[in-house]
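J.: So in my numbering, spot 61 of the sequence shown is number 62, and the numbers just go up one at a time.
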Amino acid sequence: MKFFDSPEMRETLHRLLRSQMALKGIDYNGLSQRLAMMGVAQTATNLRSKINHGTLGAQLFVFIQFALGIEKLDLNSVRDIYRDVERDLDASATVEPSHAAKVVADESLPPEMSKVDGEA
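(1) With three or more C-beta pairs closer than 8 Å as the rule, is the stretch 22-31 touching the stretch 64-80?
(2) Any idea if Lys51 is buried or exposed, counting beta-carbon neighbours within 10 angstroms, 16 or more meaning buried?
(3) Considering only their Cβ atoms, is the gap separating Arg88 from Gly55 smaller than 8 Å?
(4) For Val63, is the classification buried or exposed, using 16 other Cβ atoms within 10 angstroms of its Cβ as the cut-off for buried?
(5) If contacts are defined as beta-carbon pairs under 8 Å, then Asn53 and His15 qualify, I think. What distance do you get, rounded to the angstrom?
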């Protein structure tokens with residue numbers, strides 16, 4: 002497994018942090034405010050960018066865990082997310098463009114009723 006600055010680990014961090022935030026019911030503004038109370042200045046926009054790209058440093062990651070009230074980080078769960086990401090990336094890389102579903106726009110139908118190739 003490659004863990005240093007890999008697309009898989011960036012996506013793993015993204016999924017992990019977004020799920021933690023969702024479970025705690027905290028959005029980026031709330032996270033920014035919680036971090037500010039700890040003396041860590043991060044705007045909501047900055048956090049969104051770093052979390053969505055999975056490009057935050059270890060110190061910020063730990064402060065985010067504190068801000069979210071995460072007391073234990075289950076590394077087996079992180080490994081599971083990582084494996085899911087690997088499978089997702091492998092699956093998306095193996096789909097041939099010619100076999101991918103293409104949206105067919107039928108101008109006589111409203112956009113929401115357009116059909117996908119292969120569907121009746």
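All residues carry an ideal CB built from backbone N, CA and C; glycine is no exception.
T.: So, to answer that:
(1) yes
(2) Taking the sequence shown and counting its residues from 1, one reaches residue 51 at position 50. The residue is buried, with at least 16 neighbouring Cβ atoms inside 10 Å.
(3) In the sequence shown, the residue the question calls residue 55 occupies position 54. In the sequence shown, the residue the question calls residue 88 occupies position 87. Contact: no.
(4) Numbered from 1 along the sequence shown, position 62 holds the residue referred to as residue 63. So Val63 ends up on the exposed side.
(5) Residue numbering aside, residue 53 sits at position 52 when the sequence shown is read from its first letter. Residue numbering aside, residue 15 sits at position 14 when the sequence shown is read from its first letter. Their Cβ separation, rounded to whole angstroms, is 6 Å, which keeps Asn53 and His15 in contact under 8 Å.
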